[in-house]
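Using UniProt numbering, read the sequence shown as starting at 1 and increasing by one per residue.
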Amino acid sequence: MKTVLILGAGFGGLELAAQLSDNVAGEVRVIVIDHNDGFTFGFSKIDVLFKGHTPDGVRIPYAELTRPGVEFRQERVTSIDPATRHVSTDRNEYRPDILVVALGADYDPAATPGFVEDGYDFYTVEGACRLRERLTSFTGGTIVLGILSVPFKCPPAPFEAALLLHSLLVERGIRDATHIQLISPMPSPIPVSPSTSEALITAMSERGIVYRPNTKIHSLDPAQHLVRTDTDTVPYDLFIGVPKHRVPDVVQACGLTAGGNDGWIAVDPATLATRHPGVYAIGDCADAPVPRAGVYAEDAARTVAADIAAHLHGTPSTATYAGRGVCYIEFGDGQVGKVEADFLSGPKPHAPFSGPSSELAQEKVDFARTRRHRWFHHSR
Ligand SMILES: Cc1cc2nc3c(=O)[nH]c(=O)nc-3n(C[C@H](O)[C@H](O)[C@H](O)COP(=O)(O)OP(=O)(O)OC[C@H]3O[C@@H](n4cnc5c(N)ncnc54)[C@H](O)[C@@H]3O)c2cc1C
1 MKTVLILGAG FGGLELAAQL SDNVAGEVRV IVIDHNDGFT FGFSKIDVLF KGHTPDGVRI
61 PYAELTRPGV EFRQERVTSI DPATRHVSTD RNEYRPDILV VALGADYDPA ATPGFVEDGY
121 DFYTVEGACR LRERLTSFTG GTIVLGILSV PFKCPPAPFE AALLLHSLLV ERGIRDATHI
181 QLISPMPSPI PVSPSTSEAL ITAMSERGIV YRPNTKIHSL DPAQHLVRTD TDTVPYDLFI
241 GVPKHRVPDV VQACGLTAGG NDGWIAVDPA TLATRHPGVY AIGDCADAPV PRAGVYAEDA
301 ARTVAADIAA HLHGTPSTAT YAGRGVCYIE FGDGQVGKVE ADFLSGPKPH APFSGPSSEL
361 AQEKVDFART RRHRWFHHSR
């Protein structure tokens, strides 16, 4: 029986394990490795920050992973040799027939001078908890939200944070005493979807949030609480940043990033195969022409699962990565919008937008529930 080793039990790794369990259980042995003991959705960090959820409440323990044909192992990947598919962890050595790297993206907060000393973030659960604590003692002033580098996870997330911050400060009666500014190096919030961008820009303007696109932040001056952009300096009382993203160290060290843009893993965008036979990379760590988001990692996992099944059955592989996914966007006050993007299946990307509603808020809850069920428990 062939072995498929999946490194990383995040959006991509969990979807791939579920697909293989559904379609080729009994034909392959699937081992999934992650150094954490549980999975947390990216958007749960927003729930921790703004909706009073606890880290334990949003964590799904990997002990719940009971899919047929799938073994979970809590281990840290310490080295990968893509040429021989030899993987070392802190507890074991592996030489699988098929290796899938789904280790996600790490952060490099030190890449922006002053950010570690004087900035807050909500891109980790710990960061969201720390910022939540800081906001409880915030009594008014200037909050600057800055996107420090591109690409970053979930392009709508900083805009969601700005809108939810507005609602929180209104609730606490200190919105009038607070100036909120969002600074982004990108030309628009969601470049692939003009209708989504327009809705977010309108929502920010209605709430008095100042939005500065096309503006790159170079550094913070912690002593004077100043943001330095390429054109000016902006004073702040509280700086919240989306840190620069990068591949995890173990990926950086293994050579898989050779040929990829800006230090991401080079893949064939149609199949997610790397240049090493039997080695794929999916999700945030891969240099596929899609944003970094769980839904695209999930779609990549489906493509790779179909490719693996075709190889096992000796049939030609017809799976082609479409880069499709539905992203939900929090607008505050229980209202959620939705953008349905398709990056690669047509002649050009398109991404229609559905305006915020409480029905879509429920759809987002259902989205998380179906993933939890599919990834951790039974088929379909
Ligand atoms: C605030 C926020 C909001 C978001 N909202 C959304 C949203 O609404 N919709 C959406 O689709 N996406 C959203 N995302 C993005 C989404 O969370 C990621 O894009 C997605 O998780 C990527 O999936 P992945 O499988 O590539 O990586 P991940 O899900 O990050 O999984 C990688 C796994 O690898 C493990 N790992 C890393 N290094 C090692 C190692 N050395 N050894 C062992 N294990 C290791 C990690 O523990 C992790 O579990 C959001 C992200 C954030 C931060």
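Glycine included, each C-beta is placed from N, C-alpha and C at the ideal position. Given the structure is predicted, the values throughout are model-derived calculations rather than measurements.
Length-filtered (3 minimum) beta strand (DSSP E) runs lying within the region 274-303: 279-281
Per-residue DSSP class, three states only, for residue 413: Residue 413 is absent from the model: the chain starts at 1 and stops at 380.
Which listed residue (282, 130, 231) has its alpha carbon closest to that of residue 212: One-based indexing of the sequence shown puts residue 212 at position 212. It is 231 whose Cα lies nearest to the Cα of residue 212.
Start and end residues, alpha helix (DSSP H) containing residue 133: Along the sequence shown, read from residue 1 onward, the residue named residue 133 stands at position 133. Note, residue 133: alpha helix (DSSP H), 125-136.
Burial state of residue 70, where buried means 16 or more other Cβ atoms lie within 10 Å: Here residue 70 is taken as the residue at index 70 of the sequence shown, counted from 1. Buried.
Same chain, Cβ closer than 7 Å to residue 140, neighbours up to 5 away in sequence not counted: For the purposes of this step, residue 140 is taken as the residue at position 140 of the sequence shown. Around residue 140: 174, 177, 178.
Rounded C-alpha distance that separates residue 184 from residue 148: As a first step, residue 184 must be located in the sequence shown, where it is residue number 184. As a first step, residue 148 must be located in the sequence shown, where it is residue number 148. In a straight line, the C-alpha of residue 184 is about 7 Å away from that of residue 148.
Beta-carbon gap between residue 99 and residue 5 smaller than 8 Å: Translated into the one-based positions of the sequence shown, residue 99 becomes position 99. Translated into the one-based positions of the sequence shown, residue 5 becomes position 5. Contact flag set, yes.
Per-residue burial, residue 347 [other beta carbons within 10 Å of its own, 16 or more giving buried]: If you number the sequence shown from 1, residue 347 lands on position 347. Its Cβ having fewer than 16 others within 10 Å, residue 347 is exposed.
For residue 20, the three-state DSSP class (helix, strand or coil): As a first step, residue 20 must be located in the sequence shown, where it is residue number 20. It is helical.
Closest Cα partner of residue 108 within the set 337, 123, 283: On the sequence shown, residue 108 is found 108 positions in, with the first residue counted as 1. Residue 123 is the option with its Cα nearest to residue 108.
Separation of residue 265 from residue 349, as counted between CA atoms: Taking the first residue of the sequence shown as 1, we reach residue 349 at position 349. Taking the first residue of the sequence shown as 1, we reach residue 265 at position 265. The alpha-carbon of residue 349 is positioned some 22 Å away from that of residue 265.
Continuous beta strand (DSSP E) stretch holding residue 358: start and end: Reading the sequence shown from its first residue, position 358 is the one you call residue 358. Looking at the DSSP string, residue 358 is not in any beta strand (DSSP E); the run it does join, the alpha helix (DSSP H), is 358-376.
Buried or exposed by the 16-neighbour rule on C-beta atoms within 10 Å, applied to residue 330: Locating residue 330 in the sequence shown gives position 330, counting from the first residue. Per the 10 Å Cβ criterion, buried.
Span of the beta strand (DSSP E) around residue 235: As a position in the sequence shown, residue 235 is number 235, starting the count at 1. 233-235 is the span of the beta strand (DSSP E), which, as asked, contains residue 235.
CB contact flag (residue 131, residue 121, <8 Å): Looking up residue 131 in the sequence shown gives position 131. Looking up residue 121 in the sequence shown gives position 121. Yes; because the gap between Cβ atoms is below 8 Å, this pair is in contact.
Nearest residue (CA-CA) to residue 305, options 22, 366, 190: Position 305 of the sequence shown holds residue 305. Ranked by how close their Cα comes to the Cα of residue 305, the residues 22, 366, 190 have 22 in first place.
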